[in-house]
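Per UniProt numbering, the sequence shown starts with residue 1, numbered consecutively. In this text, a Cβ means the ideal position worked out from N, Cα and C, and glycines have one as well. Note that the structure is predicted; figures quoted are calculated from it, not measured. For reference, the structure discussed in these notes is given below.
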Amino acid sequence: MLVLLLKKWCWERLLEYKNGLKEFDMIGNVGIFVEKVVFMGYGMCFGASLQNHRRVTLCSDIDNVLCLAQIFKITMSICWWSVCILIHVNHQCSPEKFMALEVTQILLNAQAVDGSVRKHAEESLKQFQEQNLPGFLLSLSGELAHDEKPVDSRKLAGLILKNALDAKEQHRKYELIQRWLSLDVGVKSQIKTYLLQTLTSPVHEARSTASQVIAKVAGIELPQKQWPELIGSLLSNIHQVPVHVKQATLETLGYLCEEVSPDVVEQDHVNKILTAVVQGMNASEASNDVRLAATRALYNALGFAQANFTNEMERDYIMRVVCEATLSPEVKIRQAAFECLVSISSSYYEKLAPYIQDIFNITAKAVKEDEEPVALQAIEFWSSICDEEIDILEEYGGDFTTGDSDIPCFYFIKQALPALVPMLLETLLKQEEDQDQDEGAWNLAMAGGTCLGLVARTVGNDIVPLVMPFIEENITKPDWRQREGATYAFGSILEGPSPNQLTPLVNVALNFMLTALTKDPSNHVKDTTAWTLGRIFEFLHGSTMDTPIITPSNCQQIITVLLQSMKDAPNVAEKACGALYFLAQGFEDVGPSSPLTPFFQEIVQSLLTVTHREDANESRLRTAAYETLNEVVRCSTDETIPMVLQLVPVIMMELHQTLEEQKLSSDEREKQNELQGLLCGCLQVIIQKLGASDATRYPFMQYTDQIMNLFLRVFASRSATVHEEAMLAIGALAYATGPDFAKFMPDFYKYLEMGLQNFEEYQVCAVTVGVVGDICRALEEKVLPWCDGIMTQLLKDLSSNQLHRSVKPPIFSCFGDISLAIGENFEKYLMYAMPMLQSAAELSSHTSGADDEMIEYTNLLRNGILEAYSGIFQGFKNSPKTQLLIPYAPHILQFLDLMYMEKDMDEVVMKTAIGVLGDLADTLGSNAGSLIQQSLSSKDFLNECLSSDDHMIKESAEWAKLAISRAISV
Numbered sequence: 001m002l003v004l005l006l007k008k009w010c011w012e013r014l015l016e017y018k019n020g021l022k023e024f025d026m027i028g029n030v031g032i033f034v035e036k037v038v039f040m041g042y043g044m045c046f047g048a049s050l051q052n053h054r055r056v057t058l059c060s061d062i063d064n065v066l067c068l069a070q071i072f073k074i075t076m077s078i079c080w081w082s083v084c085i086l087i088h089v090n091h092q093c094s095p096e097k098f099m100a101l102e103v104t105q106i107l108l109n110a111q112a113v114d115g116s117v118r119k120h121a122e123e124s125l126k127q128f129q130e131q132n133l134p135g136f137l138l139s140l141s142g143e144l145a146h147d148e149k150p151v152d153s154r155k156l157a158g159l160i161l162k163n164a165l166d167a168k169e170q171h172r173k174y175e176l177i178q179r180w181l182s183l184d185v186g187v188k189s190q191i192k193t194y195l196l197q198t199l200t201s202p203v204h205e206a207r208s209t210a211s212q213v214i215a216k217v218a219g220i221e222l223p224q225k226q227w228p229e230l231i232g233s234l235l236s237n238i239h240q241v242p243v244h245v246k247q248a249t250l251e252t253l254g255y256l257c258e259e260v261s262p263d264v265v266e267q268d269h270v271n272k273i274l275t276a277v278v279q280g281m282n283a284s285e286a287s288n289d290v291r292l293a294a295t296r297a298l299y300n301a302l303g304f305a306q307a308n309f310t311n312e313m314e315r316d317y318i319m320r321v322v323c324e325a326t327l328s329p330e331v332k333i334r335q336a337a338f339e340c341l342v343s344i345s346s347s348y349y350e351k352l353a354p355y356i357q358d359i360f361n362i363t364a365k366a367v368k369e370d371e372e373p374v375a376l377q378a379i380e381f382w383s384s385i386c387d388e389e390i391d392i393l394e395e396y397g398g399d400f401t402t403g404d405s406d407i408p409c410f411y412f413i414k415q416a417l418p419a420l421v422p423m424l425l426e427t428l429l430k431q432e433e434d435q436d437q438d439e440g441a442w443n444l445a446m447a448g449g450t451c452l453g454l455v456a457r458t459v460g461n462d463i464v465p466l467v468m469p470f471i472e473e474n475i476t477k478p479d480w481r482q483r484e485g486a487t488y489a490f491g492s493i494l495e496g497p498s499p500n501q502l503t504p505l506v507n508v509a510l511n512f513m514l515t516a517l518t519k520d521p522s523n524h525v526k527d528t529t530a531w532t533l534g535r536i537f538e539f540l541h542g543s544t545m546d547t548p549i550i551t552p553s554n555c556q557q558i559i560t561v562l563l564q565s566m567k568d569a570p571n572v573a574e575k576a577c578g579a580l581y582f583l584a585q586g587f588e589d590v591g592p593s594s595p596l597t598p599f600f601q602e603i604v605q606s607l608l609t610v611t612h613r614e615d616a617n618e619s620r621l622r623t624a625a626y627e628t629l630n631e632v633v634r635c636s637t638d639e640t641i642p643m644v645l646q647l648v649p650v651i652m653m654e655l656h657q658t659l660e661e662q663k664l665s666s667d668e669r670e671k672q673n674e675l676q677g678l679l680c681g682c683l684q685v686i687i688q689k690l691g692a693s694d695a696t697r698y699p700f701m702q703y704t705d706q707i708m709n710l711f712l713r714v715f716a717s718r719s720a721t722v723h724e725e726a727m728l729a730i731g732a733l734a735y736a737t738g739p740d741f742a743k744f745m746p747d748f749y750k751y752l753e754m755g756l757q758n759f760e761e762y763q764v765c766a767v768t769v770g771v772v773g774d775i776c777r778a779l780e781e782k783v784l785p786w787c788d789g790i791m792t793q794l795l796k797d798l799s800s801n802q803l804h805r806s807v808k809p810p811i812f813s814c815f816g817d818i819s820l821a822i823g824e825n826f827e828k829y830l831m832y833a834m835p836m837l838q839s840a841a842e843l844s845s846h847t848s849g850a851d852d853e854m855i856e857y858t859n860l861l862r863n864g865i866l867e868a869y870s871g872i873f874q875g876f877k878n879s880p881k882t883q884l885l886i887p888y889a890p891h892i893l894q895f896l897d898l899m900y901m902e903k904d905m906d907e908v909v910m911k912t913a914i915g916v917l918g919d920l921a922d923t924l925g926s927n928a929g930s931l932i933q934q935s936l937s938s939k940d941f942l943n944e945c946l947s948s949d950d951h952m953i954k955e956s957a958e959w960a961k962l963a964i965s966r967a968i969s970v
């Protein structure tokens, strides 16, 4: 009986500790706990022994022995249970020194001002997570749920919980999902109980954090058919009396809709969610917090409402409640309601016709009278409508009719034009004093000008007569706001209307604007004038224009004014650089002689001077100057080659000086890395220019050793940005030097391999893959000694879940580059590359119901696979080893059949695919003939390509037809 009592007492104490009702330290308190257990046991034993002592005097010796045996049994049991408790507590609560009592303090320490305290706390949290994930997550969820805990520790606990469930990188996100799914069901259940409990907390921060974590868990579990009771549980909370519970629940539903795909939630639940949310938005709802949470929840839930928006009665109700919410006395509710209208405009454009007049009245009132956050969203509604109509009209061209598209164009913008344009023009006069100095500025004037530009793209010429009177009225006014607003209006309508409509206006305005750029007293006006000149040169200047706006009579004046403005304030100088960029770009296809040639030296010198300005870091000025220098060099003619060649040592010296700087602060180091990237980019453009022909390549070769040495030194800096720019420049150098690049490979290869291994900065990896292709084309068979290492790393990259998926299509394409370079020597890689290509091809076929982003990626993937096949076939052409490819031909033809039958190939994939069909026939000859004849769709595919409007597809198809004819006739 005594043993049973002891067991019962031990388990009660243990459960208290386990459930967080009692807290203890791993070493000290567990020791005390066990000591108490043992002491209690010995107390029991001592009491028992006293009783037994009395009994010894009364009992026989045999009774005494039996009593002592019972005491021994009790004592041993105490020891056994003490050990069990110690083992159990250690198992549940490791790592050492991290118990419930300490969780709160460590979370607080992790936010401490003292760096050493913060670092120690972060390390403790990391160690706890690594050594005991279930205990870690339980501790955090318990911390979040307990109202007596400090707000700061609860918020951080929730944030860490959320980060333990999600990540931006796809591979990491996948790992976290699998980790959660593998947890013990009981642990997950307890965590979810804590999270739902937290929604009732009186502390807003805790509720809000819990809402987000619940949504993350739902995003993992609902697609797996787990936690089916969640939505029902949340919906039952909507009817709870405490207002804060209702608010938290609506917030949770909003986050849930953001995390979960619509096809995961049953329509019945969708209907109930929308009903709860829309009811929460009603003007009859007394709590503004509830209305705001409901309105924000609707924004996320709109993606679930397709069925509801097809039902006129339900759609009318939703639209009425949203429009009513735009009139709420609470500014945040009004803003959230307009955000819903913006989302509706893009998701349900085709359903808006009955409501568009009312929406215009609501938005016009908001733009004119409401606070800026609300007015900005009201303007955004019309920008979104423009985006929708531009997409429809661009896809189907000027001959669009409503029968061309599943989504008809209702021409809302054209209908609203007479009222919409004056509303937008009025906003242009609401500038802020410091908007030109703040790179991230976004205000009513900027939003209005952006929307006006979209309107111009939507309606074209129709906007010009509505805007020109505003420009003429304000362009010479004494108030800088009116002059700037008029200039901004002119710049905003330069894309959309026809050049024939705009050119006469530009010819009249050009001199006025050149004068304003140098003489206007307002920095704001000069900034916008330089921007507008850039827009003129971008859209109305170039070899395709019927009437040139840059003539021999004004070219010198334009260049003089722009170079002078590059000495102005950083924001004005940056816009002047941009204008010069587009001016140079317009002369790209001008022929052997360019109007810029006489000014080339002066332009280059002025741009280099800008890069050395002390304030060049402001307003992106230095970056703009280098980008403009690159464009001036790229678009220059052969007349300027000697001057471009003189630029090489200048930029090399600049780069050398950055590499000599030592002992820099972190801020200085960041600026140095940025400058090195700009200089590498500049050298890349120069190398491409000089390496384009034999005549210019030869004098450039004297610099290649020094340039390569500089690039290798840049790699040693290990900055991701610089690494990427230097890698791109080396690709250009490989092209320029051709087979001579082989001498650089021994020193360069380790950096090439490092680039291919750089999963974290995947853009660097992608660029490096491209450079492998450049090197293969430059070295051809000379690349063979490095191919084992390159192919090994590429195959590792393809097998890795850590590498961003966007890098994988170019890796497949790179297989083709390698095969083209080394020919039949690619034989040793076939057994690895071909199965990988086959698996990827099969994967790319499972895209039914995919979204636009996935379809785009699938096309990229397929194109990469096809380029690999094409390169492999061409690499083996005329080789006695072509028979090695025959076993793979049926699958390749099956892949082509599948793509053709899906009817969703884009033009790039179609061109590559018909090329592969031709390469297969050309390389395998008679071995391919019968296979092609047996193919389900090769003939239809070929005929479709032959009748294509794209001349490149048609040309490839004609070549493929000849190759197939030869293969069949043999």
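Limits of the alpha helix (DSSP H) - the one that G915 falls within | 907 to 924
Who are the Cβ neighbours of G31 in its own chain at under 8 Å, not counting the five residues just before and after it?
-> In this predicted model, G31 has a pLDDT of only 39, less than 50, meaning its place in the structure is not dependable enough to derive any value.
Same chain, Cβ closer than 6 Å to W9, five either side skipped, listed in chain order = Legend: pLDDT at W9 = 46, less than 50; position of this residue unreliable, no value from coordinates given.
Under 7 Å Cβ to Cβ from S800, same chain only, skipping five residues before and after it: list those, please.
-> The beta carbon of S800 is closer than 7 Å to those of F759 in its chain, skipping five residues each way along the sequence.
Report all residues from its chain with a CB closer than 7 Å to the CB of F39; omit the five preceding and five following residues, and keep chain order.
-> For F39, the predicted model reports a pLDDT of 37, less than 50, meaning its position is unreliable; a value from the coordinates is still stated below. Excluding residues within five positions, none has a Cβ falling inside 7 Å.
According to the Cβ coordinates, are G586 and G542 closer than 9 Å?
-> The answer is yes: Cβ separation under 9 Å.
Select from A416, D615, M708, D391 the residue whose C-alpha is nearest the C-alpha of C409.
-> D391
On the premise that T458 lies in contact with I413, defined as a C-beta separation below 8 Å, what is that separation, rounded to the nearest angstrom?
-> 5 Å
Run the CB neighbour count on I238, radius 10 Å, all protein chains shown included, and call it buried at 16 or more, exposed below.
-> buried
Just confirm the distance between the C-beta atoms of T275 and C340, as a whole number of angstroms; I'd bet it's less than 8 Å.
-> Their Cβ separation, rounded to whole angstroms, is 16 Å, which puts T275 and C340 out of contact at 8 Å.
Cut-off 8 Å between Cβ atoms - residues of its own chain near M76, not counting five sequence neighbours on either side | Reliability fails at M76, whose pLDDT of 44 lies under 50, so the model's placement of it is uncertain and the value that follows must be treated cautiously. Same-chain partners within the cutoff: there are none.
Would you mind reading off the limits of the alpha helix (DSSP H) that contains Q335?
-> 331 to 347
Please go through the same chain and pick out, in chain order, the residues whose beta-carbon is closer than 6 Å to the beta-carbon of S619, but skip the five residues on each side of it.
-> P570, N571, E574
At least three beta-carbon pairs within less than 8 Å, the segment 252 to 260 to the segment 198 to 215 = yes
Is Q105 near A145, with beta carbons less than 9 Å apart?
-> no
Which ranges would you report for the beta strand (DSSP E) in the segment 760 to 784 if only whole runs of at least 3 residues count?
-> none
Taking all protein chains shown into account, do 16 or more other C-beta atoms lie within 10 angstroms of the C-beta of E259, making it buried, or fewer, making it exposed?
-> buried
Mapping DSSP to helix, strand and coil, what is G691?
-> coil
Would you check if the distance between the CB atom of I214 and the CB atom of L230 is smaller than 9 Å?
-> yes
Among M831, D638, L896, which residue has its Cα nearest to the Cα of D589?
-> Out of M831, D638, L896, D638 has the C-alpha closest to the C-alpha of D589.
Test item: CB-CB of A576 and D568 under 9 Å = Annotated as proximal: A576 and D568, with beta-carbon spacing under 9 Å.
Just the Cα atoms here: how many angstroms apart are residue 977 and L292?
-> Nothing about residue 977 can be read from this structure; the chain reaches only from 1 to 970.
Report buried or exposed for S813, applying the criterion of at least 16 other Cβ atoms within 10 angstroms of its Cβ.
-> buried
Below 8 Å on the Cβ atoms is my guess for S938 versus L893; work out the distance and round it to an integer in Å.
-> 7 Å
Whose CA, out of Q646, S383, A419, lies closest to the CA of G453?
-> S383
When you compare only the Cα positions, how much space is there between S139 and S182?
-> Taking the straight line joining both Cα atoms gives about 18 Å.
Own chain, CB closer than 6 Å to L247, minus 5 neighbours either side, in chain order = Reading off the sequence shown, one finds Gln at residue 247, where the question assumed Leu. Excluding sequence neighbours, Q247 sits near D289, V290, A293.
Just tell me which of H804, G871, L798 has its CA closest to the CA of S839.
-> It is L798 whose Cα lies nearest to the Cα of S839.
Using 10 angstroms around the beta-carbon of S345, count the other beta-carbons present and answer buried if the total reaches 16, otherwise exposed.
-> buried
Can you tell me where the alpha helix (DSSP H) with F412 in it begins and where it stops?
-> 412 to 427
Closest by CA to N461, which one among K796, P202, L417, S594?
-> L417
How would you call T547, buried or exposed, if buried means at least 16 neighbouring beta carbons within 10 angstroms?
-> exposed
With burial defined as no fewer than 16 other Cβ atoms inside 10 Å of the residue's Cβ, what is the status of S819: buried or exposed?
-> buried
Given a threshold of 16 other Cβ atoms within 10 Å of its Cβ, counted over all protein chains shown, does T326 qualify as buried or as exposed?
-> buried
Assign A112 to buried or exposed, taking buried as 16 or more other Cβ atoms, counted over all protein chains shown, within 10 Å of its Cβ.
-> exposed
Should residue 978 be labelled buried (16 or more other beta-carbon atoms within 10 Å of its own) or exposed?
-> Here the chain comprises residues numbered 1 to 970, so residue 978 is not present and cannot be evaluated.
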